[in-house]
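Undergrad: For the sequence shown, our numbering gives the first residue as 42, with consecutive numbering after it.
Beta carbons are placed, not taken as given, at the ideal position from N, Cα and C, and that holds for glycine.
Mind having a look at this structure? Questions to follow.
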Amino acid sequence: MCETSSEARLVAERYFLMGVFGSGLALHSPFFFLGFVALFDTLLDATFIVLLSVPVHAEYFDNYLLFMIWLQYMPVFYVFSQIFKIASVFCLIMASIERYCMTKHWTFTGFEQRTRWLALIFVIGMAIIIKNITSDISVIERDECSGYRRFRIAFQSSDSYHLSLFNTAAIFVPFFTLIFLNGGIVMMLKKQNVQQLRSLITELTMGKDVMKIRRRNLRSATNTLIVIISAYLISNLLNVYLTITEYFDADFLHVHHPDFFRLAADFASVLTVFGNAIRCPAHFLSSSEIRHQFALMVFGENQDKAVALFSDSYSRS
């Protein structure tokens, strides 16, 4: 039983999926701190390497000492990884709400700085609370097994039914909330005649400077947000499918198709890292302000022409 588990059969497959491909994505994710979403994504990518890649590497190369060290720190890193993941999604929702309000109300230029910090504190607090009421992770030692199969990672909870319901809601609520906000922004931006009327009113009543800020915000909402949210939704489709199937028929995955479930769960984690990795390029390609600051960093303050050419090349296209 110990040697016929899905982990034992799929050592090579999991190594190339998680250890090679997944770690490559996590290591090459841009480490520019473009807001707290990027910060939490960076921390989440780091915990991905620690939690998922290290044990696969240890088993693939038969490094039992590394595997035993991983067992010691794994529960702590798991707690932090869940907090980073929840906080990242909540920050993404808050950013989407702000963009939605900016698109719907043409006089709205974003939340105040104090409001943003309060929202950030609320997001981090909610992430910690949600993690504390979910199951704890523990390492179970099985005397009847040997080697890498001797230890098994288990999730413990006093109320498995409500925990399963809560975990399902934690996946579906952000998923469909982002679909609603993203779809609402797209629908409003497609109404070009309404946007032109709002732009004219804004320019006449508040001046050209506010109008330029407004156009930049709308362009950022159109390009950046749609790409980032779409990447999040696509990267979580497999996770949503696994959650639905596991909630209604857990035996279908765990008993009848354990190998498929093991690889699908690993691939869902890799998709999460992939979604994190493409967010920074999306910010860079769609925001002229970010390109301008990056050009200043590369070319220096004395290279105004190079900076202008570099930062405006994408906005003209």
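1) Let me make sure I understand the geometry here. Which of E182, I162, Y141 and T284 has the alpha-carbon closest to that of V227?
2) Can you tell me whether E153 is helix, strand or coil according to DSSP?
3) Measure the C-alpha to C-alpha separation of F62 and H298 and round it to an integer number of angstroms.
4) With a cut-off of 8 Å on the beta carbons, I'd call L161 and F77 a contact; round off their distance for me.
5) What are the start and end residues of the alpha helix (DSSP H) that includes R183?
6) Can you tell me which of the three DSSP states F192 falls into?
7) Just how far apart, CA to CA, sit F131 and E185?
8) Tell whether a beta-carbon distance below 8 Å holds between S137 and I270.
9) Note down the Cα distance separating E153 from E139, rounded to an integer number of angstroms.
10) What's the gap between the Cα of Q123 and the Cα of F89?
11) State the DSSP-derived secondary structure class of I124, mapped to helix, strand or coil.
12) Within this structure, are the beta carbons of V91 and F118 separated by less than 8 Å?
13) Grouping DSSP H, G and I as helix and E and B as strand, with all else coil, what is I220?
14) Sorted by chain position, which residues of the same chain lie with C-beta nearer than 6 Å to P116's C-beta, five sequence neighbours on each side aside?
15) Give the list of continuous alpha helix (DSSP H) stretches no shorter than 4 residues that lie fully inside the stretch 73 to 97.
16) Of all the options K145, F192, M143 and G166, which has the alpha carbon lying nearest to the alpha carbon of I110?
17) Considering only DSSP beta bridges, list what S310 is partnered with.
18) Return the residue from the list V180, Y189, V281 and F213 that minimises the CA-CA distance to F102.
19) Applying the 10 Å Cβ sphere with the 16-neighbour rule, what's the burial state of R303?
20) Going by C-alpha distance, which of F213, I165 and V97 is nearest F81?
21) Whole angstroms is fine: what's the gap from S358's alpha carbon to K145's?
22) Which whole-angstrom value describes the C-beta separation of L222 and S276, a residue pair presumed to lie in contact below a C-beta threshold of 8 Å?
23) When the distance is taken between beta carbons, is A128 closer than 8 Å to A168?
24) Look up I170 in the DSSP assignment and say whether it is helix, strand or coil.
25) So, is H69 buried or exposed, given that buried needs 16 or more other C-beta atoms within 10 angstroms?
26) Which of the three DSSP states, helix, strand or coil, is assigned to I275?
27) Inspect the beta-carbon positions of G225 and A272 and report whether they are closer than 8 Å.
28) Can you give me the C-alpha to C-alpha distance between L294 and L106, rounded to a whole angstrom?
29) My guess is that I134 and T218 are in contact by the Cβ rule of under 8 Å, so how many angstroms apart are they, rounded?
30) Would you kindly check if the distance between the Cβ of I171 and the Cβ of V180 is under 8 Å?
31) If you drop the 5 nearest sequence neighbours on each side, which residues of the same chain put their C-beta closer than 8 Å to that of T286?
TA: On the basis of the supplied data:
1) Y141
2) coil
3) Because F62 sits at a pLDDT of 49, beneath the cut-off of 50, its placement in the model cannot be relied upon, and the following sentence gives the value as read from the coordinates. Taking the straight line from one Cα to the other gives about 24 Å.
4) 6 Å
5) Run containing R183: none; DSSP gives neither H nor E here.
6) strand
7) 43 Å
8) yes
9) 11 Å
10) 11 Å
11) helix
12) yes
13) helix
14) I178
15) 76 to 89
16) F192
17) Partner(s): none; S310 has no beta bridge.
18) Y189
19) buried
20) I165
21) Note that S358 scores 47 on pLDDT, short of 50, meaning its location in the model is unreliable; the coordinates nonetheless yield the value given after this. Straight-line Cα distance between these residues: approximately 26 Å.
22) Actually they are not in contact, since the Cβ atoms of L222 and S276 sit about 17 Å apart, beyond 8 Å.
23) yes
24) helix
25) Note that H69 has pLDDT 40, beneath the 50 cutoff, so the model's placement of it is unreliable and no number is given.
26) helix
27) no
28) 32 Å
29) 6 Å
30) no
31) F293 and L294
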